[in-house]
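Protein sequence lines, in the order shown, are assigned to chains A and B. Per numbering that gives the first Met the number 0: the first sequence = residues 0 to 199. Per numbering that gives the first Met the number 0: the second sequence = residues 0 to 199. So the structure is just underneath, and the comments pick up after that.
There are 2 protein chains.
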Amino acid sequence: MADPVLFHFDFSSPYGYLAAQRIDALAARHGRTVDWRPMLLGVAFRQTGMAPLTAIPLKGDYSTRDFARSARFHGVDFRMPSRFPIPSQAPGRIVTWLKATEPSAAIPVAKALYRAYFVDDRDIADPDVAADVAGAHGADRAAARASVDDATVKDAFRRSVDEALARGVFGSPFIVVDGEPFWGMDRFEQVDRWLATGGF
Amino acid sequence: MADPVLFHFDFSSPYGYLAAQRIDALAARHGRTVDWRPMLLGVAFRQTGMAPLTAIPLKGDYSTRDFARSARFHGVDFRMPSRFPIPSQAPGRIVTWLKATEPSAAIPVAKALYRAYFVDDRDIADPDVAADVAGAHGADRAAARASVDDATVKDAFRRSVDEALARGVFGSPFIVVDGEPFWGMDRFEQVDRWLATGGF
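Spelled out as structure tokens, the structure:
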């Protein structure tokens, strides 16, 4: 059985949200599953010296326009959240906890969290809101809420983020296929060909 | 007659080089011409606080890999230049001068300069090298060389770069269709649809 495609994403990333709508189907076409790996762009920014797109002069205005246009182009619902960007520890920890305790719920909950933020404008940085969303999509609501403050979960998530950075993951979405890194949903065509051919 | 598609590019930009291979054909499919507008990423970086891709931790290693892989993906010849990035005033001024004095030579010379740098590893930052390339592709070699040090040409190029920045151009390639901005050759599909439909 081939290794899963690694899908790194930050819950605060609009392009991560767009990629999240398509990554499973893309992998499935090649008989692959996807390992959804929440990360923290803020930690990566400290290493790269970068900043959130919308905080960069010139690039900020363009990016806000491009988020919405790219969503329309791909036929994906999108509304720019009132609060942006957000710290994404709460949803990241809930998904980390689900992967360890109830893996079948992890991807549906991750998709629901993204949708809550980028379609319904809910502030998933709030642990109670994030737990509500998880509870409505197959997770135990109280346990999900508790996971956000659980030292073991916090450690596991932080370790996972650090490991991703150590392997060169610096953006969202960031996809790794058999060791080959692809940054951005604009690399989906390349990911598709790589999965089909094993390299080019 | 519809307005030309504005194609902003830095001669030191690998993605600009890749885009340069396809932009004319893309525009032509929609009955449009292309206005090739050399720019200076270094000037944009000062406004955005950004840096050359290859100078950014983590992102640098990825980018070098992605340049070559993207070229293979698109079937375009590419060799990472020994000196990178380069200041691109010399080729930028030559193309600015050609647009004003011998417009039919501007695009062929721009393409030849890109190829000299990204395929033949010639240092087109050197005014003599840049003039050699221009001379071999339809321009007057001595006049091209002189244009690099011509105060009027220098002013015109600098003004053109400043105007682009004032209109929000911060990267390479950066394409503008009827006022709509698109950054990156990964937006070619969106440019294509925009040209076909007038917006989406």
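Where is the CB? At the ideal position from N, CA and C, for every residue including glycine.
Per-residue burial, residue i [other beta carbons within 10 Å of its own, 16 or more giving buried]
i, result
"residue 65 of chain A", "buried"
"residue 199 of chain A", "exposed"
"residue 9 of chain A", "buried"
"residue 49 of chain A", "buried"
"residue 196 of chain B", "exposed"
"residue 88 of chain A", "buried"
"residue 74 of chain A", "exposed"
"residue 178 of chain B", "exposed"
"residue 103 of chain A", "exposed"
"residue 185 of chain B", "buried"
"residue 82 of chain B", "exposed"
"residue 36 of chain B", "buried"
"residue 26 of chain B", "buried"
"residue 54 of chain A", "exposed"
"residue 141 of chain A", "exposed"
"residue 150 of chain B", "exposed"
N- and C-terminal bounds of the beta strand (DSSP E) containing residue i
i, result
"residue 173 of chain A", "173 to 176"
"residue 33 of chain B", "33 to 37"
"residue 5 of chain B", "4 to 8"
Straight-line Cα distance separating residue j from residue i
i, j, result
"residue 130 of chain B", "residue 115 of chain B", "12 Å"
"residue 127 of chain B", "residue 118 of chain B", "18 Å"
"residue 78 of chain A", "residue 51 of chain A", "18 Å"
"residue 3 of chain B", "residue 175 of chain B", "9 Å"
"residue 155 of chain A", "residue 45 of chain B", "39 Å"
"residue 111 of chain A", "residue 133 of chain B", "56 Å"
"residue 68 of chain A", "residue 194 of chain B", "14 Å"
"residue 76 of chain A", "residue 21 of chain A", "13 Å"
"residue 38 of chain B", "residue 7 of chain A", "34 Å"
"residue 61 of chain B", "residue 187 of chain A", "16 Å"
"residue 183 of chain B", "residue 16 of chain B", "11 Å"
"residue 101 of chain A", "residue 70 of chain B", "42 Å"
"residue 138 of chain A", "residue 159 of chain B", "57 Å"
"residue 34 of chain A", "residue 109 of chain A", "12 Å"
"residue 145 of chain A", "residue 5 of chain A", "27 Å"
"residue 31 of chain B", "residue 157 of chain B", "26 Å"
"residue 99 of chain B", "residue 106 of chain A", "57 Å"
"residue 192 of chain A", "residue 173 of chain A", "16 Å"
"residue 59 of chain A", "residue 59 of chain B", "22 Å"
Pick from the options that is closest to residue i, judged by C-alpha positions
i, options, result
"residue 136 of chain B", "B/83, B/93, B/153", "B/93"
"residue 57 of chain A", "B/31, B/26, B/181", "B/181"
"residue 23 of chain B", "B/142, B/133, B/190", "B/190"
"residue 95 of chain A", "A/170, A/143, A/67", "A/143"
"residue 18 of chain B", "B/98, B/59, B/30, B/72", "B/72"
"residue 161 of chain A", "A/16, A/40, A/0", "A/40"
"residue 121 of chain B", "B/84, B/28, B/101, B/173", "B/84"
"residue 171 of chain A", "A/25, A/1, A/13", "A/13"
"residue 29 of chain B", "B/36, B/1, B/54, B/141", "B/1"
"residue 123 of chain B", "B/188, B/98, B/11", "B/11"
"residue 125 of chain A", "A/90, A/100, A/158, A/159", "A/90"
"residue 164 of chain A", "A/109, A/43, A/31", "A/43"
"residue 167 of chain B", "A/70, A/63, A/47, A/7", "A/63"
"residue 152 of chain A", "A/97, A/34, A/70, A/188", "A/97"
"residue 147 of chain A", "A/59, A/31, A/192, A/86", "A/86"
"residue 80 of chain B", "B/149, B/113, B/169, B/31", "B/113"
"residue 169 of chain B", "B/31, B/107, B/47, B/149", "B/47"
Element boundaries [alpha helix (DSSP H), containing residue i]
i, result
"residue 179 of chain A", "Here residue 179 of chain A belongs to no alpha helix (DSSP H); instead the beta strand (DSSP E) covers 179 to 182."
"residue 40 of chain A", "40 to 47"
"residue 57 of chain B", "Premise fails: residue 57 of chain B is in no alpha helix (DSSP H) and is neither H nor E."
"residue 138 of chain A", "Counting along the chain, residue 138 of chain A falls outside any alpha helix (DSSP H), and DSSP gives it neither H nor E."
"residue 122 of chain A", "First-last for residue 122 of chain A: undefined, no H or E at that position."
"residue 188 of chain B", "187 to 196"
"residue 160 of chain A", "150 to 165"
"residue 23 of chain B", "22 to 27"
"residue 105 of chain B", "102 to 117"
"residue 15 of chain B", "13 to 19"
| query | In the stretch 40 to 72 of chain B, which residues sit with their C-beta less than 8 Å from some C-beta in chain A, listed in chain order? | reply | 43, 46, 47, 48, 49, 50, 55, 56, 57, 58, 60, 61, 64, 65, 68, 69, 71, 72
| What residues in the stretch 187 to 199 of chain A have a beta carbon less than 8 Å from any beta carbon of chain B? | 188, 189, 192, 199
| Using Cβ-Cβ distances below 7 Å, what residues of the stretch 167 to 178 of chain A are close to chain B? | 167, 169
| field | Contact set between the stretch 123 to 143 of chain A and chain B, restricted to residues whose Cβ is under 9 Å from the partner | value | none
| chain A contacts made by the stretch 8 to 29 of chain B, where a contact means CB separation under 9 Å | none
| request: Note down, in chain order, all residues in the stretch 86 to 114 of chain A with a beta-carbon under 7 Å from any beta-carbon belonging to chain B. | output: none
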